[in-house]
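Visitor:
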Amino acid sequence: MNTKLYLDTSIPSAFYDSSKPVRQLMTQKWFEFDRTNYQLFVSTLTIQEVERFQNIEKRNQIIDLIVRSNCELLEITSEAVELSEIYLKNGAIPKSEPEDALHIAIATIAQIESLASWNFKHIVSVNPIRKIHELNQKNGFGIIEIGSLELFGGYKYGNL
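Here the sequence shown stands for residues 1085 to 1244, where the numbers follow the numbering used here.
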């Protein structure tokens, strides 16, 4: 069975983001060649974030990519909200970024093994990952592997 991989909003968004061409190319190649190695998940939070994009064409393209990629949709649960609040309260994720905390909590509660993100500031960074692992263990949850698409096979398509 394929590894379960949660994609935060930054992953499908990067597919169409020409402002970061290396990241865009890596994301496009990963979706073309590597996504089938994983059982993909997004959440209703992902959809909500995409629906706030001003560019309607980009919004529709991202939703279409999510659908074409057979991403399973996870709901925001009260348990995920509670865990995200623990992340925020304990400084794993800045209080100014509640949606980042909620993405991680949704994946954790759903027992997804891994989370991919291009958010190096608040998610894919040593200190947040350490704190998330510590808080997950303290609260009876498993460790979730967190990394950029490079970690999940994208390294073959270039270096950031």
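From the three backbone atoms N, C-alpha and C, an ideal C-beta is built for every residue, glycine too.
How many Å lie between residue 1190 and residue 1229 at the Cα?
Guide: Approximately 14 angstroms, taken between the alpha carbons.
Visitor: What are the uninterrupted segments assigned as alpha helix (DSSP H) that are 4 or more residues long and contained completely in the region 1134–1212, given in chain order?
Guide: Complete alpha helix (DSSP H) runs here, min 4: 1140–1152, 1162–1173, 1182–1193.
Visitor: With residue 1125 as the anchor, note down where its beta strand (DSSP E) starts and where it stops.
Guide: First-last of the beta strand (DSSP E) with residue 1125: 1122–1127.
Visitor: Quick one: grab the DSSP three-state call for residue 1088.
Guide: Residue 1088: strand per DSSP, three-state reduction.
Visitor: Can residue 1194 and residue 1125 be called in contact, C-beta distance under 9 angstroms?
Guide: Going by C-beta atoms, residue 1194 is nearer than 9 angstroms to residue 1125.
Visitor: My guess is that residue 1192 and residue 1157 are in contact by the Cβ rule of under 8 angstroms, so how many angstroms apart are they, rounded?
Guide: About 17 angstroms; that fails the 8 angstroms criterion.
Visitor: Between 1231, 1086, 1182, 1096, which has its C-alpha nearest residue 1160's C-alpha?
Guide: Answer by Cα proximity: 1182.
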